[in-house]
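Visitor: Protein chains in written order, with my numbering: chain L, 1 to 289; chain B, 1 to 123.
Glycine included, each C-beta is placed from N, C-alpha and C at the ideal position.
These numbers come from a predicted model, not from an experiment.
The structure that follows is given in the form of structure tokens.
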């Protein structure tokens, strides 16, 4: 059963186009939405949450479109971005009151539980919160009401490793019952890579790769070796060839592995490495034109 | 039951989980009839994706180590001796092939190799 359906989303700006983004995310799964800065990640997520309107395309959460019932649609979403959306002069008690007024499913008990668990200061204004505290406060506010989809836009940016780990745990706990899903955007995967079920990779507003993460890692090899030894047949298949004075590194589709022979070193890539070489290859092609 | 994931391993994570569970089922650390944690529970505990643990379980199921029943979870099946023997045979063959391969690369004679083999058997 699909929790999130995104169909042919497009959005046009003067200097940037998001083109034909389509995917589905089943209940109980986590998707990493990956790309360089300015590739269209935030635009896509804002189209999903309904902050901005698409030129073309539709989104459905739990079978419901935004147009069908905007309020109910938005209630299904828990959004955490990389900036706090509460006013700076607010204290925790103000936020508690706002959430109570706004959301019928808000649980004060849960909220206070998170505030205690993460030792968020009750008597400071948000202005004096650290970046980490602000992020955890946003998580407390979305996790203390009933939602179906967690949308995280670069939410772990600038957080220390311990907090990143805590957020990983929260994401996994969220999808645990198999009824809810998470989509998160990031330009660095590292630790997040391990828990993502699917990866959607966009570059300059267009889809580059979209697959189960395990498949992606199996479908590519990271190849290294001496540049001079690359036969032309292999060179054609290498993605994002990066050469330095002593050797090269590139990504190769696993089904082309027979071209490698024994002259090269190859290993299992990380998603970051696949992404980096794809972005490089886009750059190489642009230069060649 | 224990599972340790290595990021340095050439084995994909699902295969690491599959092999470690298999090992513990074969040597009896996870006894027959035991219910394994759910796919989602395991994914959360180990900190890997649900797709990864799903694949590990479905391969263990295909190889006859566990059975998954709706609502009951995944249960460890009896490992009959034949299966156990096959698994061990496979491992012995793998080990020996590696040794033979190394011997061939350095051009070692059959006699020399069997000597090493016999000597090791004595110790």
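(1) For residue 207 of chain L, which beta-bridge partners are listed by DSSP?
(2) Can you name the residues of chain B whose CB is closer than 9 angstroms to the CB of residue 29 of chain L?
(3) Return the bridge partner residues of residue 242 of chain L from the DSSP annotation.
(4) Thinking C-alpha only, which one of L/180, L/250 and L/188 is nearest residue 363 of chain L?
(5) Give the residues of chain B in contact with residue 273 of chain L, contact being defined as C-beta atoms less than 7 angstroms apart.
(6) Below 8 angstroms on the Cβ atoms is my contact criterion, and I expect residue 250 of chain L with residue 238 of chain L to pass it. Report the Cβ-Cβ distance as a whole number of Å.
(7) Taking residue 153 of chain B as part of the alpha helix (DSSP H), name the residues at either end of that continuous run.
(8) Among L/74, L/207, L/39 and L/149, which residue has its Cα nearest to the Cα of residue 23 of chain L?
(9) Determine the direct distance from the alpha carbon of residue 16 of chain L to that of residue 169 of chain L, and round the result to whole angstroms.
(10) Can you give the Cα-Cα distance for residue 253 of chain L and residue 57 of chain L, rounded to whole angstroms?
(11) For residue 84 of chain B and residue 54 of chain B, what's the separation of their Cα atoms in angstroms?
(12) Could you tell me the alpha carbon to alpha carbon distance between residue 257 of chain L and residue 266 of chain L, rounded to whole angstroms?
(13) Using a Cβ cut-off of 8 angstroms, pull out every chain B residue sitting near residue 250 of chain L, in sequence order please.
(14) Looking only at its chain, what residues have a beta carbon closer than 8 angstroms to the beta carbon of residue 49 of chain B, apart from the 5 residues adjacent to it on each side?
(15) Work out the CA separation of residue 136 of chain L and residue 116 of chain L for me, nearest whole Å.
(16) Given a cut-off of 7 angstroms on the beta-carbon distance, is the pair residue 149 of chain L and residue 30 of chain L in contact?
Guide: On the basis of the coordinates in this document:
(1) In the DSSP output, where bridge partners are listed per residue, residue 207 of chain L has L/202.
(2) 49, 50 and 51
(3) L/249
(4) Not covered by the structure: residue 363 of chain L. The range shown for chain L is 1 to 289.
(5) The premise fails here: residue 273 of chain L is roughly 13 angstroms from chain B at the closest Cβ pair, so nothing lies under 7 angstroms.
(6) 4 angstroms
(7) Outside the shown range of chain B, which is 1 to 123, sits residue 153 of chain B, and nothing can be said about it.
(8) L/207
(9) 35 angstroms
(10) 31 angstroms
(11) 24 angstroms
(12) 9 angstroms
(13) What residue 250 of chain L touches in chain B: nothing, since even the nearest Cβ is about 19 angstroms away.
(14) 43
(15) 11 angstroms
(16) no
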